[in-house]
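Asker: Protein chains in written order, with the working numbering: chain A, 1 to 95; chain B, 96 to 190; chain C, 191 to 285; chain D, 286 to 380; chain E, 381 to 475; chain F, 476 to 570; chain G, 571 to 665.
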Amino acid sequence: MKLVPLSDRVVLKQMEAEETTKSGIVLPGQNKEKPQQAEVVAVGPGGLVDGKEVEMKVSVGDKVIYSKYAGTEVELDDVEYIIVRQSDILAVIEA
Amino acid sequence: MKLVPLSDRVVLKQMEAEETTKSGIVLPGQNKEKPQQAEVVAVGPGGLVDGKEVEMKVSVGDKVIYSKYAGTEVELDDVEYIIVRQSDILAVIEA
Amino acid sequence: MKLVPLSDRVVLKQMEAEETTKSGIVLPGQNKEKPQQAEVVAVGPGGLVDGKEVEMKVSVGDKVIYSKYAGTEVELDDVEYIIVRQSDILAVIEA
Amino acid sequence: MKLVPLSDRVVLKQMEAEETTKSGIVLPGQNKEKPQQAEVVAVGPGGLVDGKEVEMKVSVGDKVIYSKYAGTEVELDDVEYIIVRQSDILAVIEA
Amino acid sequence: MKLVPLSDRVVLKQMEAEETTKSGIVLPGQNKEKPQQAEVVAVGPGGLVDGKEVEMKVSVGDKVIYSKYAGTEVELDDVEYIIVRQSDILAVIEA
Amino acid sequence: MKLVPLSDRVVLKQMEAEETTKSGIVLPGQNKEKPQQAEVVAVGPGGLVDGKEVEMKVSVGDKVIYSKYAGTEVELDDVEYIIVRQSDILAVIEA
Amino acid sequence: MKLVPLSDRVVLKQMEAEETTKSGIVLPGQNKEKPQQAEVVAVGPGGLVDGKEVEMKVSVGDKVIYSKYAGTEVELDDVEYIIVRQSDILAVIEA
Numbered sequence: 001m002k003l004v005p006l007s008d009r010v011v012l013k014q015m016e017a018e019e020t021t022k023s024g025i026v027l028p029g030q031n032k033e034k035p036q037q038a039e040v041v042a043v044g045p046g047g048l049v050d051g052k053e054v055e056m057k058v059s060v061g062d063k064v065i066y067s068k069y070a071g072t073e074v075e076l077d078d079v080e081y082i083i084v085r086q087s088d089i090l091a092v093i094e095a
Numbered sequence: 096m097k098l099v100p101l102s103d104r105v106v107l108k109q110m111e112a113e114e115t116t117k118s119g120i121v122l123p124g125q126n127k128e129k130p131q132q133a134e135v136v137a138v139g140p141g142g143l144v145d146g147k148e149v150e151m152k153v154s155v156g157d158k159v160i161y162s163k164y165a166g167t168e169v170e171l172d173d174v175e176y177i178i179v180r181q182s183d184i185l186a187v188i189e190a
Numbered sequence: 191m192k193l194v195p196l197s198d199r200v201v202l203k204q205m206e207a208e209e210t211t212k213s214g215i216v217l218p219g220q221n222k223e224k225p226q227q228a229e230v231v232a233v234g235p236g237g238l239v240d241g242k243e244v245e246m247k248v249s250v251g252d253k254v255i256y257s258k259y260a261g262t263e264v265e266l267d268d269v270e271y272i273i274v275r276q277s278d279i280l281a282v283i284e285a
Numbered sequence: 286m287k288l289v290p291l292s293d294r295v296v297l298k299q300m301e302a303e304e305t306t307k308s309g310i311v312l313p314g315q316n317k318e319k320p321q322q323a324e325v326v327a328v329g330p331g332g333l334v335d336g337k338e339v340e341m342k343v344s345v346g347d348k349v350i351y352s353k354y355a356g357t358e359v360e361l362d363d364v365e366y367i368i369v370r371q372s373d374i375l376a377v378i379e380a
Numbered sequence: 381m382k383l384v385p386l387s388d389r390v391v392l393k394q395m396e397a398e399e400t401t402k403s404g405i406v407l408p409g410q411n412k413e414k415p416q417q418a419e420v421v422a423v424g425p426g427g428l429v430d431g432k433e434v435e436m437k438v439s440v441g442d443k444v445i446y447s448k449y450a451g452t453e454v455e456l457d458d459v460e461y462i463i464v465r466q467s468d469i470l471a472v473i474e475a
Numbered sequence: 476m477k478l479v480p481l482s483d484r485v486v487l488k489q490m491e492a493e494e495t496t497k498s499g500i501v502l503p504g505q506n507k508e509k510p511q512q513a514e515v516v517a518v519g520p521g522g523l524v525d526g527k528e529v530e531m532k533v534s535v536g537d538k539v540i541y542s543k544y545a546g547t548e549v550e551l552d553d554v555e556y557i558i559v560r561q562s563d564i565l566a567v568i569e570a
Numbered sequence: 571m572k573l574v575p576l577s578d579r580v581v582l583k584q585m586e587a588e589e590t591t592k593s594g595i596v597l598p599g600q601n602k603e604k605p606q607q608a609e610v611v612a613v614g615p616g617g618l619v620d621g622k623e624v625e626m627k628v629s630v631g632d633k634v635i636y637s638k639y640a641g642t643e644v645e646l647d648d649v650e651y652i653i654v655r656q657s658d659i660l661a662v663i664e665a
């Protein structure tokens with residue numbers, strides 16, 4: 001099963017918060033505030049949203065920062081997704 | 096009797112939450128938070144909504160994710176429906 | 191005396207909630223939550239509402255579902271009416 | 286002195302609530318909830334209101350139902366008036 | 381010093397509430413709720429306000445009724461003024 | 476260092492409240508409610524603000540009355556400024 | 571890794587508040603209210619934002635004052651950034 005977003009919605013999957021110790025060991029994030037970093041999993045078609053043309057700018061695979069209070073959490077096949085409007089995505093993280 | 100939605104409204108019927116045990120036995124959802132998954136039962140005609148043209152994108156039979164706080168619950172002939180605006184539908188679930 | 195609604199208003203009269211026992215006896219609704227089903231009694235002319243063209247889609251005699259928190263209750267000649275905007279009507283009930 | 290409303294405002298004068306007993310005697314309303322029925326006393330010129338053209342549809346002498354929480358109460362020469370926007374008038378009462 | 385209002389603002393000066401006793405003696409208002417009657421002292425130029433053309437309809441010297449919760453009180457040279465938008469003026473009082 | 480406001484912003488510097496005693500002695504304002512009078516220190520370029528054309532009407536050196544709850548206080552080089560939108564300026568004070 | 575803002579967003583990095591004592595010694599800000607001064611680190615492309623054309627006016631390296639309650643704090647590679655809309659930037663500080 002997969003999620004096909006409507007309109008200007010984007011399906012995100014949160015990235016695991018990791019912490020690298022000085023010795024280089026990576027500790028998976030635990031008891032930490034949820035990061036607002038996520039990976040784009042699916043992108044809606046854009047088009048007329050509330051009477052205004054929206055062009056989609058993000059692509060599947062993009063790593064993004066999204067607005068803290070935005071989005072709806074959805075669980076599908078035991079995976080948790082967040083569905084946001086593209087306007088709730090603040091920036092793309094480039095390597 | 097059937098519900099014929101006006102404007103950009105969509106009539107939904109909530110999908111039963113099911114849980115499959117490891118042995119394959121399906122247990123009907125009980126004491127679980129209401130899932131936001133539903134099936135489209137009827138679709139309004141769209142058209143001018145608050146002065147803006149709305150084109151309907153969902154179809155009867157679609158399985159959808161809708162926004163948690165949206166919609167009006169309606170009971171007709173002992174069946175419970177939720178009537179939402181199309182803009183409250185976040186994504187279609189494809190098999 | 192009769193109510194002639196202005197603009198995109200619709201005058202509704204609430205339908206009596208009835209309950210049919212298994213034996214077929216009909217018990218008038220009592221101590222039950224007010225249903226949101228009503229019959230259309232009068233329909234405004236539509237036209238420009240807040241600068242946007244509204245076309246009236248419901249007709250006198252239609253049975254409709256309306257939004258729970260919408261409308262103004264009005265009593266005239268000992269009959270109680272609800273006056274709503276057409277946009278507060280969610281769906282028409284067809285037999 | 287008289288009130289000349291601006292824009293889409295309408296000056297109303299509340300109608301006395303009356304109660305006719307079965308014997309036909311009319312008792313003036315007392316300790317009753319204020320009815321939302323009023324008579325139109327003066328009508329503004331309409332025109333551009335918040336950038337949108339408004340055409341006045343009510344006339345002096347019309348008996349109308351107005352929205353419960355709308356309007357400003359004004360006292361002039363010991364008479365109490367309510368000034369509302371035309372959009373707060375829900376319906377005209379016809380005999 | 382004088383106040384020159386910008387945009388669609390109007391400078392008002394509240395009228396003294398007076399009470400005429402039956403014998404014709406006029407008692408200046410005291411311990412009474414502030415009347416919403418005021419005299420227009422200065423009128424802004426109108427023009428584009430929030431992207432919408434506003435034409436000024438009131439003139440200096442007009443006696444007006446204004447909306448209870450509108451306006452900013454300003455003291456200049458020991459005189460108290462109220463600055464409102466023209467849309468907060470409900471009606472002109474004509475003699 | 477100087478502040479160059481963007482868009483329809485105006486940089487203000489509050490005027491010292493002064494009180495003239497009957498004998499003509501001027502006492503600098505103390506323990507008094509902050510006056511809403513200020514002098515214009517810098518004016519933004521105007522232009523398109525939230526999609527609407529804004530023309531700047533105030534000039535550096537103007538003494539103005541501004542809306543009580545508007546603006547952001549900013550300290551630069553130990554001087555305190557208030558940055559407001561031009562629409563928060565109610566009137567210019569002319570001598 | 572770097573942040574590439576979308577739409578009318580601007581990535582800011584807060585400037586360290588410093589305090590110069592009379593003797594000329596600079597003390598780094600400590601226990602002081604966070605200043606709203608920041609340096610522009612990255613600027614979005616502008617374009618259509620909520621249906622309205624936005625032209626970007628700030629540039630990387632600009633020192634700016636931004637609105638106190640605006641923006642989202644983001645941490646990347648142990649550096650803290652604030653992402654705001656350009657409309658939340660009140661003024662540029664020029665030397």
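Think of the CB as a built atom: it goes at the ideal place given N, C-alpha and C, for glycine as much as any other residue.
1. Whole angstroms are fine: how far does the CA of Val200/C sit from the CA of Glu379/D?
2. Residues bridged to Pro100/B by DSSP?
3. Checking the sheet assignment: what are the DSSP bridge partners for Gln394/E?
4. Rounded to a whole number of angstroms, what is the C-alpha to C-alpha distance between Gly599/G and Glu645/G?
5. In the DSSP assignment, what residue or residues form a beta bridge with Val524/F?
6. Does the beta-carbon distance from Lys337/D to Gly241/C come in below 8 Å?
7. Below 8 Å, how does it come out for the stretch 81-91 of chain A and the stretch 267-280 of chain C: are there three or more Cβ pairs, yes or no?
8. Can you list, in chain order, the residues of its chain whose CB lies under 7 Å from that of Leu6/A, leaving out five sequence neighbours each side?
9. Please classify Gly346/D as buried or exposed, where buried requires at least 16 other C-beta atoms within 10 Å of its C-beta.
10. Whole angstroms are fine: how far does the CA of Gln606/G sit from the CA of Lys627/G?
11. My guess is that Leu280/C and Ala232/C are in contact by the Cβ rule of under 8 Å, so how many angstroms apart are they, rounded?
12. Quick one, which of Ile255/C, Thr262/C, Lys258/C and Tyr256/C has its alpha-carbon nearest Lys353/D's?
13. Starting from the C-beta of Lys443/E, find all residues in its chain whose C-beta is less than 6 Å away, skip the five residues before and the five after it, and write them out in chain order.
14. Alpha carbon to alpha carbon, what distance is there between Met191/C and Glu318/D?
15. Report the partner residues of Val369/D according to the DSSP bridge assignment.
16. Does DSSP put Lys538/F in a helix, a strand or coil?
17. Could you have a look at Val248/C and say whether DSSP puts it in helix, strand or coil?
18. At a Cβ cut of 9 Å, what residues of the stretch 233-251 of chain C count as close to chain D, listed as they run along the chain?
19. Got a sec: which bits of the stretch 61-80 of chain A sit with their beta carbon under 7 Å from any beta carbon on chain G, in order along the chain?
20. Can you check which of these residues, Lys13/A, Leu12/A and Val49/A, is closest to Met103/B by C-alpha distance?
21. Between the C-alpha atoms of Glu245/C and Val339/D, what's the straight-line distance to the nearest angstrom?
22. Is there a Cβ from chain B that is less than 8 Å from the Cβ of Val201/C?
23. Kindly list the residues whose CB is nearer than 6 Å to the CB of Gly142/B, restricted to its own chain and excluding five residues on each side of it in sequence; keep chain order.
24. Check whether the Cβ of Ala608/G lies closer than 8 Å to any Cβ atom in chain F.
25. To which residues of the same chain is Tyr446/E closer than 7 Å at the C-beta, ignoring the five residues directly before and after it?
26. From Ala70/A to Ser344/D, what does the alpha carbon distance come to, in whole angstroms?
Answerer: The relevant details are as follows:
1. 16 Å
2. Ala281/C
3. According to the DSSP secondary-structure assignment, Gln394/E is paired through a beta bridge with Ala418/E.
4. For Gly599/G, the predicted structure reports a pLDDT of 47, less than 50, and the residue's modelled location is therefore unreliable. A value from the coordinates is still provided. Those two C-alpha atoms are separated by around 21 Å.
5. Lys527/F
6. At the C-beta level, Lys337/D and Gly241/C come within 8 Å of one another.
7. no
8. Gly44
9. Taking all protein chains in view, the Cβ of Gly346/D is surrounded by fewer than 16 other Cβ atoms within 10 Å, so the residue is classified as exposed.
10. 19 Å
11. At roughly 19 Å, the Cβ-Cβ gap does not stay under 8 Å, so Leu280/C and Ala232/C are not in contact.
12. Thr262/C
13. Glu419 and Ile473
14. Here the model assigns Glu318/D a pLDDT of 48, short of 50, so the residue's position is not dependable, and the following value carries that caveat. One C-alpha to the other measures close to 21 Å.
15. Val295/D
16. strand
17. If DSSP states are grouped into helix, strand and coil, Val248/C belongs with coil.
18. Gly234, Pro235, Gly237, Leu238, Val239, Asp240, Gly241 and Lys242
19. Ile65, Ser67 and Lys68
20. A small correction: the amino acid at residue 103/B is Asp; Met does not occupy that position in the sequence shown. Checked all of Lys13/A, Leu12/A and Val49/A; the closest Cα to Asp103/B is Val49/A.
21. 17 Å
22. Val201/C does not count as touching chain B.
23. none
24. no
25. Leu392, Gln416, Ala418, Val464, Asp468, Ile469 and Leu470
26. 48 Å
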